[in-house]
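One structure below.
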Amino acid sequence: LRLLGKRSLREGVVDGIEVYSTKISCKVTSRFAHNVVTTRAVNRADKAKEVSFDVELPKTAFITNFTLTIDGVTYPGNIKEKEVAQKQYEKAVSQGKTAGLVKASGRKLEKFTVSVNVAAGSKVTFELTYEELLKRHKGKYEMYIKVQPKQLVRHFEIDAHIFEPQGISMLDAEASFITNDLLGSALTKSFSGKKGHVSFKPSLDQQRSCPTCTDSLLNGDFTIVYDVNRESPGNVQVVNGYFVHFFAPQGLPVVPKNIVFVIDISGSMAGRKIHQTRDALLKILDDMKEDDYLNFILFSTHVTTWKDSLVQATPANLEEARMFVKNIRDEGMTNINDGLLRGVHMLKDARERHLVPERSTSILIMLTDGDANTGESRPQKIQENVRNAIGGKFPLYNLGFGNNLNYNFLETMALENNGLARRIYEDSDANLQLQGFYEEVANPLLTNVEVEYPENAILDLTKNNYPHFYDGSEIVVAGRLVDSDMNNFKADVKGHGALNDLTFTEEVDMKEMDAALKEQGYIFGNYIERLWAYLTIEQLLERRKNAFGEEKENLTAQALELSLKYHFVTPLTSMVVTKPEDNEDQTSIADKPGEEATSVTPSMAYLRRIGLGRPVAQGKALGASSFSDVPLVDGD
Amino acid sequence: PHFIIHVPGKNDTICFNIDEKPGTVLRLIQDPVTGITVTGQIIGDKGSGPSSGTGKTYFGKLGITNAWMDFRIEVTTEKIILGNGEALSTFRWLDTVTVTQTGLSVTINRKKNMVVSFGDGVKFVIVLHQVWKKHPVHQDFLGFYVVDSHRMSAQTHGLLGQFFRPFDFEVFDIRPGSDPTKPDATMVVKSHQLTVTRGSQKDYRKDTSVGTKVLCWFVHNNGEGLIDGVHTDYIVPSLF
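From first to last, the protein sequence lines are chains B and G.
Quick note: this note's numbering has the first sequence finishing at residue 650, numbered continuously throughout.
Quick note: this note's numbering has the second sequence finishing at residue 1364, numbered continuously throughout.
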């Protein structure tokens, strides 16, 4: 009777499905994160039920594995070239089978979803593995985990182990949904020397949104932040013939900036966007240093400038700039070409006429919310004009405000000119996003950074020259040693500082390194090789965006080969999961969506027409996060 | 701190100590023509105040400025700060880094030494002497060496700078001293007749831990008679 009573009161059973365990296991070694999300469920209903497994993972991560285990039988995911997978996928589709997809989800995340029918009384285990290199921003590494189980989970746990050979200087973990109760007992964080640990393990009762509720309060962001000790500016680690070199000097003065803001004031910026832009620019003006030079260029149908040339950020000039910014009004159409070319000319002119300090760096930041529709409006021609005008002399950063624009165009143009593009989401915090971006690029400590290694000693090096090193960031270079038995080698990092030229030298003693790295075995194996592969693929894909013809083919081939070799789901590969359903084999596919995943692509439209894009909300969401009403899109 | 003055013309070496309270800053070099000034702040042993410790003193902080370049370097046993105004770069003794700008080169050799060169005629080496961190008495200190001064002007002064220009001395009447291993002698230098003692000091430029033994004539009483004026004339209020 007692047992029956317990059964009838079984916690966490929703519509016959009990999710009895969800574990997010994170192992970070030298910034390289290896995350495994495992969810176990059982169908307690007396008939077959469909369950779905949803995980939101960072856009910067690559899925490396997925397995589905039903009643002890494992169905692994196979990573294949996208075209091959697509054919298999379409074949499955044509046979009326369904598929799981990865979709863009919000600013930072993409969503992995898969669903399966589980027979009455059967158990199912979903396990998704993804890896990413944590990047340093504003002095810390951030690992972001979306937590959103749709029901109470008997054993819910986030368990993160961090190993940093340089030693951990700070470690913190925060959850947007945290309560005092959870803070006190469910969340533990500790670090000592090279090791850090974060554990979040709420009991069933702690997961309830109220004492008598059956829904979960675990809904939001779980973020782990940490940084490492920096006894010296560089750190080189070598394992099994692969090395990684981290470089982040401290204590250097900021190189003065010559900065031109090229701002879209066309009619579409009217209302909140122009208001937020003004707010952000006013904040940015507060952060300007007196050594900096600046100007504003506004473009609509025509181009207007605040000053004819760059002016120093003196208190008087900044006050005048504030008045100018407060009076920015929207009008007319979008003449990106002329706005940008005016900005480029202004920066070049300031340098040529020695209006700005010799040791300063020039930066062009453009903000637009739409496509060019007056003046030169052909994207390729604008790119060509800007590329020719800048001539590699300084970086262009493009900020795309909202969704109504050709982001690829902005990104290509920025990448062609040593900069980067960033999407500014049209939310209430858009001004903070703008300001945050500025802060990232506002403090260059070094320019023209070049990392050099002994000739003939290194192979397969990732990018080793960077136009800027920004305060609070980190340069990461990885590669392979020609001779994995070499005893030592030297790395030089050269750069131009605010006052002088600097050359940092790092001597790597392999024997010392071996000893230091022995203790990390318990974390995970060939992490430097995987880190190198991840970084190489990331950089090949970035270069590929800007390449044409044979070069593009070569870059694609290289990135594809590595993606397949190291089992990464990248934009060139797909993971195919064959699973049993309704007594019939069924194929699911996981792709990596791109930044342009804002509209339904032709191929997806085709898939939807034939019924692939089924409403997965009918399933029960398990895992670390759940499915919500997102548009059915795929950015392939 | 100990001072060692090698006199090339005589192929001999003179040395002296300056015994002052920890915290005292001494002017070591001052050249109004090149604009270069070097100062050094004295430290004692751990916990040593004016009336404690072993009485031994060292340089714990050095300041190098070039007035014409508007540039300064502050070196402590922990870190090295260089630059001007608010634009300062901070390095640690754990870094290996070379900093160059027109007319200046600074190289820090991790945990060992740093080399400061102004053009091609002025070169200083600063040596980091590290002791066991938990040593009950001793603490880290700095050594300062002038490797090249041929571009410094004849007007250069300071406890070290005054010896950049040629000077002469005579040593005679070598006789047994109070320590049988260290004979005394009479030295005539700068028109003064002094009693000096044969001793030895160590040059740590090449080997920072063991050093190289240098035989020298030791001038007593804070170099009185050897140095221009008295040692207190070289005390300055601050490093810069």
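Using N, Cα and C, we set each Cβ at its ideal position, and we do this for glycine too.
If you're wondering where the values come from, they're calculated on a predicted model, not measured in any experiment.
Query                                                                                                                     : Result
Beta-carbon gap between Leu308 of chain B and Leu324 of chain B smaller than 8 Å                                          : yes
His368 of chain B classed as buried or exposed, judged by whether at least 16 other C-beta atoms fall within 10 angstroms : exposed
Per-residue DSSP class, three states only, for Arg16 of chain B                                                           : Since pLDDT at Arg16 of chain B reaches only 38, below the 50 mark, its modelled position is unreliable, and no value is offered.
Under 8 Å by beta carbon: chain B residues contacting Gln1225 of chain G                                                  : Leu513, Asn514, Asp515
Euclidean distance between Cα positions of Val507 of chain B and Asn249 of chain B                                        : 11 Å
Residues from the region 243 to 265 of chain B in contact with chain G, defined by Cβ distance under 7 Å                  : Glu245, Ser246, Pro247, Gly265
His259 of chain B - DSSP class collapsed to helix/strand/coil                                                             : strand
Beta-carbon gap between Ile176 of chain B and Leu166 of chain B smaller than 8 Å                                          : no
Between the CA atoms of Tyr144 of chain B and Ala604 of chain B - distance to the nearest angstrom                        : 12 Å
Expected contact under 8 Å - CB spacing of Ile1129 of chain G and Ile1138 of chain G to nearest Å                         : 5 Å
Span separating the alpha-carbon of Lys303 of chain B from that of Thr36 of chain B                                       : 49 Å
Within-8 Å CB hit, Phe1268 of chain G to chain B                                                                          : no
Identity of the residue in B:Asp363, B:Lys606, B:His316, B:Leu296 nearest Leu332 of chain B by Cα                         : B:Leu296
Cβ-based neighbour list, Pro1290 of chain G, same chain, cut-off 7 Å, excluding 5 preceding and 5 following               : Gly1133
Boundaries of the alpha helix (DSSP H) in which Ser577 of chain B is found, first to last residue                         : 563 to 579
Per-residue DSSP class, three states only, for Leu295 of chain B                                                          : helix
Which of helix, strand or coil DSSP assigns to Phe1183 of chain G                                                         : strand
C-beta neighbour in chain G for Glu521 of chain B, strict 8 Å                                                             : yes
Cutoff 8 Å: Phe518 of chain B Cβ touching any chain G Cβ                                                                  : yes
Beta carbon proximity, Val1320 of chain G to chain B, threshold 8 Å                                                       : no
Option in G:Lys1235, G:Lys1236, G:Gln1263 with minimal Cα separation from Thr1181 of chain G                              : G:Gln1263
Identity of the residue in G:Thr1189, G:Ser1213, G:Leu1350 nearest Glu1294 of chain G by Cα                               : G:Leu1350
Proximal residues to Gly433 of chain B (C-beta, below 6 Å), its chain only, five neighbours per side dropped              : Pro409, Leu410, Tyr411
Cβ pair Thr587 of chain B, Leu574 of chain B closer than 8 Å                                                              : yes
Anticipated Cβ contact below 8 Å, Ala471 of chain B with Tyr256 of chain B, distance rounded                              : Contact doesn't hold; Cβ gap of about 13 Å is too wide.
CA-to-CA distance, Pro329 of chain B to Ala631 of chain B, given in whole angstroms                                       : Because Ala631 of chain B sits at a pLDDT of 31, beneath the cut-off of 50, its placement in the model cannot be relied upon, and the following sentence gives the value as read from the coordinates. Their Cα atoms are separated by approximately 57 Å.
C-beta atoms of Ile1160 of chain G and Phe1242 of chain G nearer than 8 Å                                                 : yes
Within-8 Å CB hit, Leu1212 of chain G to chain B                                                                          : yes
Chain B residues whose Cβ lies nearer than 8 Å to that of Leu1218 of chain G                                              : Glu245, Ser246
Status (buried if at least 16 other CB within 10 Å, exposed otherwise) for Phe1367 of chain G                             : The shown model of chain G, from 1125 to 1364, leaves out residue 1367 of chain G, and the question about it has no answer.
Three-state class that DSSP yields for Val455 of chain B in the structure shown                                           : helix
Neighbouring residues, chain G, relative to Pro267 of chain B (Cβ below 8 Å)                                              : Gly1207, Glu1210, Ala1211, Leu1212, Ser1213
Span separating the alpha-carbon of Gly1209 of chain G from that of Gly450 of chain B                                     : 28 Å
CB contact flag (Asp352 of chain B, Asn445 of chain B, <8 Å)                                                              : no
Proximity winner among B:Val258, B:Val463, B:Arg222, relative to Thr375 of chain B (alpha-carbon distances)               : B:Val463
Coarse secondary structure for Pro629 of chain B, derived from DSSP in three states                                       : Unreliable positioning characterises Pro629 of chain B in this predicted model, as indicated by a pLDDT of 28, which lies under 50. A coordinate reading is not provided.
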